[in-house]
Amino acid sequence: MNDLATLESDLLGQVDAAPDEAALESVRVSALGKKGAVSELLKTLGAMSPEERKAKGPLINGLRDKVHGAIANRKEALAEAALERRLQAERIDVTLPVREGPETRGRIHPISQVMDELTAIFADMGFSVAEGPDIETDFYNFTALNFPPGHPAREMHDTFFLKPDQKGERKVLRTHTSPVQIRTMLSKAPPIRVICPGRTYRHDSDQTHTPMFHQVEGLVIDRHANIAHMKWILEEFCKAFFEVESVKMRFRPSFFPFTEPSAEVDIQCLRKGGEIRFGEGDDWLEILGCGMVHPNVLENCKLDPDVYQGFAWGMGIDRIAMLKYGMPDLRPFFEADVRWLEHYGFRPLDLPSLVGGLTS
Amino acid sequence: MKFTLSWLKEHLDTETPLDAIVETLTRVGLEVEAVSDKAKGFADFTVARVIETRQHPNADRLRVCIVDTGAGEPVQVVCGAPNARTGMKGVFAPVGAFIPGKNLTLGVGTIRGVESRGMLVSEMELELSDNHEGIIDLPEDARVGTPYAAYAGLDDPVIEINLTPNRPDCTSVHGIARDLAAARLGKLKDDTVQPVKGSGPCPVAVKLDFRKGDEHLCPAFALRLVRGVKNGPSPAWMQRRLTAIGLRPINGLVDITNYVTYDRGRPLHVFDAAKVRGNLTVRRARDGEEVLALDGRTYTLDDSIVVIADESGVESIAGIMGGEHSGCDENTTEVLIESALWDPLNIAQSGRKLGIQTDARYRFERGVDPAFTVPGLDLATRLVTEFCGGEPSEALVAGAIPDRGRIIDFPWAEVKRLSGLDLPRPESRAILEELGFAIEGAGERAEVRPPSWRPDIEGKADLVEEVVRIAGLDRIAPQPFRREEDTVVKPILTLIQKRTRLAKRLLAARGLVEAVTWSFIAKHEAELFGGGDRRLALANPIASDLSDMRPSLLPGLLKAAQRNADRSFADVALFEVGQCFESDEPEGQTIKAAAVRRGTARPEGVGRHWDGGAVAVDAFDAKADAMALLTALNVPTAGVQVVPGGPDWFHPGRSAVLQFGPKNRIGAFGEIHPKILRALDLKGPLVGFEITLDALPAPKPRPTKIKPKLTLSELQPVTRDFAFVVPRDVAAADILRAAQGAERQLIAGIDVFDIYEGQGIDPDKKSVAIAVTLQPTEKTLTDAEIDAVSQKIVGEVAKKTGAVLRS
Chain A
1 MNDLATLESD
11 LLGQVDAAPD
21 EAALESVRVS
31 ALGKKGAVSE
41 LLKTLGAMSP
51 EERKAKGPLI
61 NGLRDKVHGA
71 IANRKEALAE
81 AALERRLQAE
91 RIDVTLPVRE
101 GPETRGRIHP
111 ISQVMDELTA
121 IFADMGFSVA
131 EGPDIETDFY
141 NFTALNFPPG
151 HPAREMHDTF
161 FLKPDQKGER
171 KVLRTHTSPV
181 QIRTMLSKAP
191 PIRVICPGRT
201 YRHDSDQTHT
211 PMFHQVEGLV
221 IDRHANIAHM
231 KWILEEFCKA
241 FFEVESVKMR
251 FRPSFFPFTE
261 PSAEVDIQCL
271 RKGGEIRFGE
281 GDDWLEILGC
291 GMVHPNVLEN
301 CKLDPDVYQG
311 FAWGMGIDRI
321 AMLKYGMPDL
331 RPFFEADVRW
341 LEHYGFRPLD
351 LPSLVGGLTS
Chain B
361 MKFTLSWLKE
371 HLDTETPLDA
381 IVETLTRVGL
391 EVEAVSDKAK
401 GFADFTVARV
411 IETRQHPNAD
421 RLRVCIVDTG
431 AGEPVQVVCG
441 APNARTGMKG
451 VFAPVGAFIP
461 GKNLTLGVGT
471 IRGVESRGML
481 VSEMELELSD
491 NHEGIIDLPE
501 DARVGTPYAA
511 YAGLDDPVIE
521 INLTPNRPDC
531 TSVHGIARDL
541 AAARLGKLKD
551 DTVQPVKGSG
561 PCPVAVKLDF
571 RKGDEHLCPA
581 FALRLVRGVK
591 NGPSPAWMQR
601 RLTAIGLRPI
611 NGLVDITNYV
621 TYDRGRPLHV
631 FDAAKVRGNL
641 TVRRARDGEE
651 VLALDGRTYT
661 LDDSIVVIAD
671 ESGVESIAGI
681 MGGEHSGCDE
691 NTTEVLIESA
701 LWDPLNIAQS
711 GRKLGIQTDA
721 RYRFERGVDP
731 AFTVPGLDLA
741 TRLVTEFCGG
751 EPSEALVAGA
761 IPDRGRIIDF
771 PWAEVKRLSG
781 LDLPRPESRA
791 ILEELGFAIE
801 GAGERAEVRP
811 PSWRPDIEGK
821 ADLVEEVVRI
831 AGLDRIAPQP
841 FRREEDTVVK
851 PILTLIQKRT
861 RLAKRLLAAR
871 GLVEAVTWSF
881 IAKHEAELFG
891 GGDRRLALAN
901 PIASDLSDMR
911 PSLLPGLLKA
921 AQRNADRSFA
931 DVALFEVGQC
941 FESDEPEGQT
951 IKAAAVRRGT
961 ARPEGVGRHW
971 DGGAVAVDAF
981 DAKADAMALL
991 TALNVPTAGV
1001 QVVPGGPDWF
1011 HPGRSAVLQF
1021 GPKNRIGAFG
1031 EIHPKILRAL
1041 DLKGPLVGFE
1051 ITLDALPAPK
1061 PRPTKIKPKL
1071 TLSELQPVTR
1081 DFAFVVPRDV
1091 AAADILRAAQ
1101 GAERQLIAGI
1111 DVFDIYEGQG
1121 IDPDKKSVAI
1131 AVTLQPTEKT
1141 LTDAEIDAVS
1151 QKIVGEVAKK
1161 TGAVLRS
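Protein chains in written order, with our numbering: chain A, 1 to 360; chain B, 361 to 1167.
Encoded structure:
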């Protein structure tokens, strides 16, 4: 029996001393291989008497299991050590900067973003989006909107004209998106609720004016829409757009050829250090013009002003973008300076919605 | 329109404080632009007397004055004014006072060694005038210690309103007072002008010399002569009011016309009768006729302009400005006073044409009250005889005062229908009556007659506006106005609206930055990009490089990219989605999406990086943008033909047209043509694409939202690579198409994974390596079957393109 014990301690010693997988394998072969020391012992079991086998069998099998187990453990330990050494060697400088992905570099222009915001708000109030051409006829841009002949807006000084055609008629670059209201009323029966965003043009260029800018107008026509409704719509819009709990608005009687009664609307604000905040303060800031659609305009659109009524309003998209997001000047909107666009632009996935908030 | 508080109170009996008046003006639609209350800024300045002046010991030009300020001990002031002298009275500013003209607050000073405790000020230092000749020199009767503002009548706040063009009545202080009275701020005083009889007929006759159809240019012209006037300065109170609103007092006669203009909105003109030859004729000017006007400038007239002429020529530009020749000065002893009516549109157009803005034009182009033509003349006559003496003649009226009286049938319910405000009928009625409307009928409807001074009132809606603006728009409570449908919000955007929005998001997600560039570009730019149609040229561009409606977004984007490059931002990627113009008809306007990439602004990354070098953009970056856009917009790209050679503004060998067929082009991409770079002064590399969103096919309508059934094969796909050697001009697409055609069922995908030209390949050939993926559907393919398919592929590609398998 001493032989077995000696063999065992000898083999286990060899297993523990094996420095790598190859050495371990030769220990395994010398013990458990076909001609291995333990295998040879196992072979002797067959020639034994049952009693002898009963006594020696478990001892020899036990030896085999022990050696087997020791080899497996050693193998695991060696593999772990090898992995450890490999991992030690495999190091990267994780502080190296990665390339900015396209979705990080890309930008949406503030005008597009604000148009999406407007659409989200007004869609919820039952409005759809109407559009029309930038090049308009005198009828849609002026006459149908109750501009009298000789109105200053019809002068070259204020409005862009195209060159006269053979018949001597000259088209205009629309000076507001109101022609879209006319086109809508002429093509669709009431009830009407539309907003009309788009590019507009006036012959004006200085610090605060650009010859091209953007406007959004709203139009509601049905059999009962009145100023009280208009005030609600505009108040709800301002709260939603500027993302404030409350706004104070001031409706000042004013004059536009296409509305009667007409008003200009100021919004209460706080001006502080070049910043404007709404819902607080005691300054007033003009934000839009509005009014009940003029009976002459309704008649020009084949609607009976004693039956149909409604209201309309208009405001500058660029202007409300400036008020909300704090761009100090209008001109850079159209200069495509990437420094400005990166700073004031929006990321591609900044999708304004009412459920998720207009801004994140 | 400007006026002072005391002037307003001349017409309005009120105790209302200034702040409330200002607030009410804005509330009723007379928006207050500015209120200047000089008394506030002048609080520190008092009338003072110089007790003694001494020569300054250390400066020839300075004097040391001892000043009695009326409060406490006399004060020592160092003064450099040449007119400072013992005994004079002036205006004293103590230490601590703010001097507006110098923008400084006075401290105790030491001037050349002598202490100075305050200042005797000039008119310029108080911003009263440009006069800085010397310090203000007050008359002997000025009381020492009196606040200067009160002494000089500067304690009368000046209010400026921003008048809308529909309110001629409020070009007068009287009209403004009427609005305030209607708003319950006071009582309108009775300003009825007592008629002036005069003695003897007016010796100068007036002829309204117009062709038939032109009579509207001057419906009426009233004239009167006043003999024996002495044209000295107007009274101090009138001069103060005129000065306060920015007018320069000239002489009694001229000041009276200016005063009545503002007081009653009734412009007048005075001629020195001694300088008028013969009778007056009102007529169209003759082309080329000239007049030296009161502003000292000579105007050349034409027959669109109406004038008043005598036998020697034009004496006055009707309704706009008088002539220098017959103007009144201190030597005038006989004066002709004119009160006429002119056509608003004609005055506006003449004024614009001549570039003259005057108080008279401002009123006539809005529409002056015809009923006040003769009373206006009478009012002026009374003031002339009061200030200048003289004997008036009878008034002469050529033409006839038009009666624009009209009746509006007005149901009182109209107020609530349009405004939502349920106002008691008596209140509505009272407002209209206060404003001068005559009302008949006591029932649900009334007959309303607008007053002669309100040409803007046409119908019911105008009356509603009058009622609600005076009652106050703030009294209308917002009323919820929800969606009409009791359903979840339905989609509202049209296909093109959805595509426009999506295109912007997609292009931004590819690293492009959205620009918004002008809709108009230079003519030569339009021509370079397929435009330049004369129908799209502006008649009055704001600048020569913004003259034509753009046919393409590319010129604007390319120039923007270059501007950024010029600022050292060389690697820019810009896009725009916006309108372009093919004709001046609505159908000629389309929405295009375009992008340009410059330098190394590739989608994968920009500029140099440790992970890979800076790679210049090429046409494939532009193609990738275009294809990504089409895919995002749900346009089947498999059907898109890529035809080599794009439009003229692209490099002919490095660009392509995208189309569904020769008559169904949707866009193009490529490298920008070197000639375009030269013409627009650009530096490449620059690539771009442009797609017309309106030209894209709409998705086929489908009855359900269910996607086609997905069948997944249990069998493994097999990939085989082939390298073909083909002539260099063979298109990769032809090889792919031929290979695909070899075995439609089995081939699930083909891609080009290598292109090689150079050593080992004939110089006029190239190697194109493709990987073909076979997807068996029923059973695993045997080697023999795979070989057979490979043979078919090789054979088909060889047949269609002349390719040989690379050995």
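All C-beta atoms, glycine included, are put in the ideal place defined by N, C-alpha and C.
Report the rounded CA-to-CA distance for residue i versus residue j, giving the unit in angstroms.
{"i": "Ala453(B)", "j": "Thr692(B)", "result": "42 Å"}
{"i": "Leu696(B)", "j": "Gln554(B)", "result": "20 Å"}
{"i": "Ala1163(B)", "j": "Val1086(B)", "result": "5 Å"}
{"i": "Gln939(B)", "j": "Gly625(B)", "result": "48 Å"}
{"i": "Asp719(B)", "j": "Thr621(B)", "result": "7 Å"}
{"i": "Pro197(A)", "j": "Ala394(B)", "result": "33 Å"}
{"i": "Met361(B)", "j": "Glu155(A)", "result": "24 Å"}
{"i": "Val849(B)", "j": "Ile195(A)", "result": "16 Å"}
{"i": "Ala802(B)", "j": "Leu118(A)", "result": "47 Å"}
{"i": "Val481(B)", "j": "Gly505(B)", "result": "15 Å"}
{"i": "Arg538(B)", "j": "Leu390(B)", "result": "12 Å"}
{"i": "Tyr619(B)", "j": "Leu602(B)", "result": "7 Å"}
{"i": "Gly1044(B)", "j": "Ala982(B)", "result": "14 Å"}
{"i": "Thr6(A)", "j": "Leu45(A)", "result": "19 Å"}
{"i": "Ile121(A)", "j": "Leu358(A)", "result": "9 Å"}
{"i": "Lys324(A)", "j": "Met125(A)", "result": "21 Å"}
{"i": "Pro752(B)", "j": "Gly558(B)", "result": "5 Å"}
{"i": "Trp340(A)", "j": "Glu874(B)", "result": "11 Å"}
For residue i, I'd like the list of residues in its chain whose CB is within less than 6 Å of its CB, leaving aside the five on either flank, ordered along the chain.
{"i": "Arg643(B)", "result": "Asp569"}
{"i": "Pro963(B)", "result": "Arg870 and Gly871"}
{"i": "Lys239(A)", "result": "Val247"}
Output yes or no for whether 8 Å exceeds the beta carbon distance between residue i and residue j.
{"i": "Pro579(B)", "j": "Leu705(B)", "result": "no"}
{"i": "Pro1169(B)", "j": "Phe880(B)", "result": "Residue 1169(B) is absent from the structure shown; chain B starts at 361 and stops at 1167."}
{"i": "Ile1036(B)", "j": "Leu934(B)", "result": "no"}
{"i": "Glu684(B)", "j": "Ala634(B)", "result": "no"}
{"i": "Gly317(B)", "j": "Asp931(B)", "result": "Any property of residue 317(B) remains undetermined from this structure, which presents chain B solely from 361 to 1167."}
{"i": "Tyr201(A)", "j": "Leu173(A)", "result": "yes"}
{"i": "Ala1148(B)", "j": "Thr1079(B)", "result": "no"}
{"i": "Trp284(A)", "j": "Gln268(A)", "result": "yes"}
Under 7 Å Cβ to Cβ from residue i, same chain only, skipping five residues before and after it: list those, please.
{"i": "Met1(A)", "result": "Since pLDDT at Met1(A) reaches only 47, below the 50 mark, its modelled position is unreliable, and no value is offered."}
{"i": "Leu737(B)", "result": "Ala582, Arg584, Ile697, Ser699 and Ala755"}
{"i": "Pro771(B)", "result": "Glu804 and Arg805"}
{"i": "Thr384(B)", "result": "Leu540, Ala543 and Leu545"}
{"i": "Asp490(B)", "result": "Met484"}
{"i": "Val438(B)", "result": "His416, Leu422, Val424, Ile471, Val474 and Ser476"}
Sorted by chain position, which residues of the same chain lie with C-beta nearer than 8 Å to residue i's C-beta, five sequence neighbours on each side aside?
{"i": "Lys66(A)", "result": "Glu8 and Leu12"}
{"i": "Leu918(B)", "result": "Val956, Ile1032, Ile1036, Leu1040, Leu1042, Leu1046 and Gly1048"}
From the DSSP output, read off the bridge partner residues of residue i.
{"i": "Val566(B)", "result": "Leu640(B)"}
{"i": "Ile471(B)", "result": "Val474(B)"}
{"i": "Gln1105(B)", "result": "Answer by DSSP bridge pairing: none, since Gln1105(B) is not bridged."}
{"i": "Pro771(B)", "result": "Arg805(B)"}
Using 8 Å as the Cβ pair cut-off and three pairs as the minimum, do the region 255 to 273 of chain A and the region 289 to 297 of chain A touch?
A contact exists between the region 255 to 273 of chain A and the region 289 to 297 of chain A.
Taking contact to mean 3 or more Cβ pairs, one atom from each stretch, closer than 8 Å, check whether the region 400 to 408 of chain B and the region 445 to 461 of chain B are in contact.
As far as the Cβ criterion goes, the region 400 to 408 of chain B touches the region 445 to 461 of chain B, which means the pair count is three or higher.
Cβ contact (3+ pairs, closer than 8 Å) linking the region 188 to 195 of chain A and the region 220 to 238 of chain A
Contact check between the region 188 to 195 of chain A and the region 220 to 238 of chain A: three or more CB pairs, one atom from each, fall below 8 Å, which counts as touching.
Taking contact to mean at least 3 C-beta pairs separated by less than 8 Å, is the region 606 to 618 of chain B in contact with the region 586 to 596 of chain B?
Output reads yes: the region 586 to 596 of chain B touches the region 606 to 618 of chain B.
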